[in-house]
Amino acid sequence: MTAPLAAALLPLALLAPAASPVSVVEADFDPATAFVPPAAISYASDLVPYGAHVRIVTDRSVPGRTVLTLKASGLAPGHEFPAHLHTGRCGADPASSGPHYQDEVDPVQPSTDPAYANERNELRLALRTDGRGRGSATTVVGWQPRPGEARSLVLHAGTPAGPHAAGDRVACVRLDG
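Residue numbers (the numbering used here): 1211 to 1387.
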């Protein structure tokens, strides 16, 4: 390559790559007290053992739509984990992940109004594990999260009230790097 051509191409090489419409987060669950802040935190090692694995693929390639796929292995077998996008980052305190992310934010928090707290306004999944602790779930919503506002995906302990009823926060996965 000639020097003038290389000099002309250098500015192109320095450009940041365009944000991909598909993001992948893959991590093993660790305790919140790990020396290096983990990408995936377990708050209940009986349901989400340390070393259990999670993979989250978020596809925003179609304007006005988000497809999220959650795959996990090593979790408690035969269990249902309601999962939701949350606004806060994962931390040592399970509450640090904040409230559920909502496309249209309920002005009254915590949000309990069914006009806001529903499957059209929140990204919800129900991850069911098989006898070996593996499971996957996919959901599609007709909107895309606002940049920087959906910071984590939280797995809740299931409750007998139904597939999307959230119990205690048992794990958190950091989505914003």
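Each residue gets a CB set at the ideal place from its N, CA and C atoms; glycine is no exception.
- Going by DSSP, Gly1298 is part of no beta strand (DSSP E) at all; its letter is neither H nor E.
- Secondary structure of Ala1282 (DSSP, three-state): strand.
- The criterion of a C-beta distance shorter than 9 Å is satisfied by Pro1248 and Ala1242.
- If you draw a straight line from the Cα of Ala1293 to the Cα of Thr1276, it is about 15 Å long.
- Using a Cβ distance threshold of 9 Å, Thr1297 and Arg1361 count as a contacting pair.
- Taking 9 Å as the cut-off, the beta carbon of Arg1265 is found no closer than this to the beta carbon of Arg1384.
- By the beta-carbon neighbour count (other beta carbons within 10 angstroms, threshold 16), Phe1291 is buried.
- A direct Cα-to-Cα measurement between Ser1283 and Arg1330 gives close to 28 Å.
- For Ala1305, the three-state secondary structure derived from DSSP is helix.
- Setting aside the 5 residues that flank it on each side, Gly1343 is surrounded in the same chain by Ser1283, Gly1284, Leu1285, Ala1286 and Pro1287, each with a C-beta closer than 7 Å to its C-beta; the list follows chain order.
- Nearest in C-alpha terms to Gly1341, of all of His1289, Ala1327 and Gln1354, is His1289.
- Using a 10 angstroms sphere on the CB of Ala1367, the tally of other CB atoms reaches 16 or more, which defines it as buried.
- Note on geometry: alpha-carbon atoms of Leu1337 and Tyr1260 lie some 18 Å from one another.
- Non-local C-beta neighbours of His1263 in its own chain, meaning closer than 6 Å and more than five positions away in sequence, comprise Asp1238, Ser1283 and Gly1284, ordered along the chain.
- For Val1277, DSSP records a beta bridge to Asp1269 and Val1350.
- Nearest neighbour of Phe1245 by Cα position, chosen from Ala1302, Ser1271 and Leu1280, turns out to be Ala1302.
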